[in-house]
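Peer 1:
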Amino acid sequence: MNDKGNLTDARPPFLPMLIGSGFGSGFWPWGPGTAGSVLATLIWVVLDLLLPAEGSWLSIVTWMLAIGFTPIGTWATARLRPYWGDDPSRVVIDEMVGVWIPLAVLHPGEYAWAVTALVLFRFFDIVKPLGIKALDRRKGAFWVMGDDILGGIYALIVLVAARAIYTLTA
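Numbering follows my numbering, with no gaps: position 94 of the sequence shown is 96.
(1) Does the contact criterion of 3 or more C-beta pairs under 8 Å hold for the stretch 103 to 112 versus the stretch 71 to 81?
(2) To the nearest angstrom, report how far apart V160 and T64 are at their CA atoms.
(3) What three-state label does DSSP hand R13 in the structure shown?
(4) Whose CA, out of A136, F144 and P131, lies closest to the CA of A157?
(5) Exposed or buried, what is L152 when buried is set at 16 or more other beta-carbons lying within 10 Å of its beta-carbon?
(6) What number of angstroms, rounded off, separates the C-alpha of P14 from the C-alpha of V40?
(7) Expressed to the nearest angstrom, what Euclidean distance is found between the alpha-carbon atoms of K135 and D149?
(8) Under three-state DSSP, which class holds L60?
(9) Quick one, which of P54, D88 and A163 has its alpha-carbon nearest R139's?
(10) Comparing alpha-carbon positions, which option in P84, V94 and L44 lies nearest L20?
(11) Determine the DSSP secondary structure at F1, reduced to helix, strand or coil.
(12) Would you kindly work out how many angstroms separate the C-alpha atoms of L53 and L137, rounded to a whole number?
(13) When you compare only the Cα positions, how much space is there between S27 and K141?
(14) Just reading off the alpha helix (DSSP H) that K135 is part of, what are its end residues?
(15) For A114, does the three-state DSSP call read helix, strand or coil?
(16) Is the Cβ-Cβ distance between R81 and P34 less than 7 Å?
(17) How is the alpha helix (DSSP H) around S91 delimited, first residue to last?
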């Protein structure tokens with residue numbers, strides 16, 4: 003163990019590492035949180051291309067990803083904390099869940115709005131206003147996820163408001 007109480011010589015278990023690191027995107031050396039968010043947005047784009055355009059399939063599947071990966075990401079984070087610390091930058095499943103929240107309200111083909119959702123989420127994730135910083139300070143695997151969930155909710159609110167204003171003025 004090192005002076006922070008982390009295991010230094012042991013390798014973390016593979017499945018939590020795969021999930022927690024956002025399928026490896028968390029190992030990106032220049033902004034792993036952004037890499038995880040971009041990967042989640044690209045997954046949304048691929049889903050948009052593969053799922054039927056009729057109905058709400060894209061929205062349903064995106065909500066399923068956000069909701070389903072919250073407990074899975076919490077589990078993975080809890081398993082990785084003894085190896086990597088309390089809120090390691092390599093854990094980006096929280097950013098993926100966070101960006102899926104505003105993406106879930108978009109319609110197929112709304113790629114400019116998807117980029118807007120990504121930028122809004124990253125803004126809230128980096129700046130951490132309106133209670134996000136308070137959640138970020140809490141200890142525990144769920145709180146690693148929690149601050150990004152709140153950032154995703156704020157991004158969703160701003161995105162919906164921006165789309166409404168755009169629609170009214172267009």
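Yeah, the Cβ is synthetic: ideal placement off N, Cα and C, and Gly gets one too.
Peer 2: On the basis of the data shown:
(1) no
(2) Walking along the sequence shown from the start, residue 160 turns up at place 158. Walking along the sequence shown from the start, residue 64 turns up at place 62. Cα-Cα distance, rounded: 18 Å.
(3) Position 11 of the sequence shown, counted from the first residue, corresponds to residue 13. Look at R13 here: in three-state DSSP terms it is coil, with no helix or strand label.
(4) For this step, residue 157 is matched to residue 155 along the sequence shown. Of the candidates A136, F144 and P131, the one whose C-alpha sits nearest the C-alpha of A157 is P131.
(5) Here residue 152 refers to the residue found at position 150 when the sequence shown is read from its first residue. Under this definition L152 is a buried residue.
(6) Here residue 14 is taken as the residue at index 12 of the sequence shown, counted from 1. Here residue 40 is taken as the residue at index 38 of the sequence shown, counted from 1. Each residue's alpha carbon lies about 24 Å from the other.
(7) Taking the first residue of the sequence shown as 1, we reach residue 135 at position 133. Taking the first residue of the sequence shown as 1, we reach residue 149 at position 147. Taking the straight line joining both Cα atoms gives about 7 Å.
(8) Along the sequence shown, read from residue 1 onward, the residue named residue 60 stands at position 58. Correct three-state label for L60: helix.
(9) Here residue 139 refers to the residue found at position 137 of the sequence shown. Among P54, D88 and A163, the Cα nearest to that of R139 is on D88.
(10) Residue numbering aside, residue 20 sits at position 18 when the sequence shown is read from its first letter. Comparing Cα positions, the closest option is V94.
(11) Nothing can be reported for residue 1, as the shown portion of the chain is limited to 3 through 172.
(12) The sequence position of residue 53 within the sequence shown is 51, counting from 1. The sequence position of residue 137 within the sequence shown is 135, counting from 1. Answer to the nearest angstrom: the Cα atoms are 35 Å apart.
(13) By 1-based counting over the sequence shown, the position of residue 27 is 25. By 1-based counting over the sequence shown, the position of residue 141 is 139. One C-alpha to the other measures close to 23 Å.
(14) Numbered from 1 along the sequence shown, position 133 holds the residue referred to as residue 135. Unbroken alpha helix (DSSP H) run through K135: I134 to R139.
(15) Position 112 of the sequence shown, counted from the first residue, corresponds to residue 114. A114: helix per DSSP, three-state reduction.
(16) One-based indexing of the sequence shown puts residue 81 at position 79. One-based indexing of the sequence shown puts residue 34 at position 32. No, the Cβ-Cβ distance between R81 and P34 is not below 7 Å.
(17) Taking the first residue of the sequence shown as position 1, residue 91 is located at position 89. For S91, there is no enclosing alpha helix (DSSP H), since its DSSP letter is neither H nor E.
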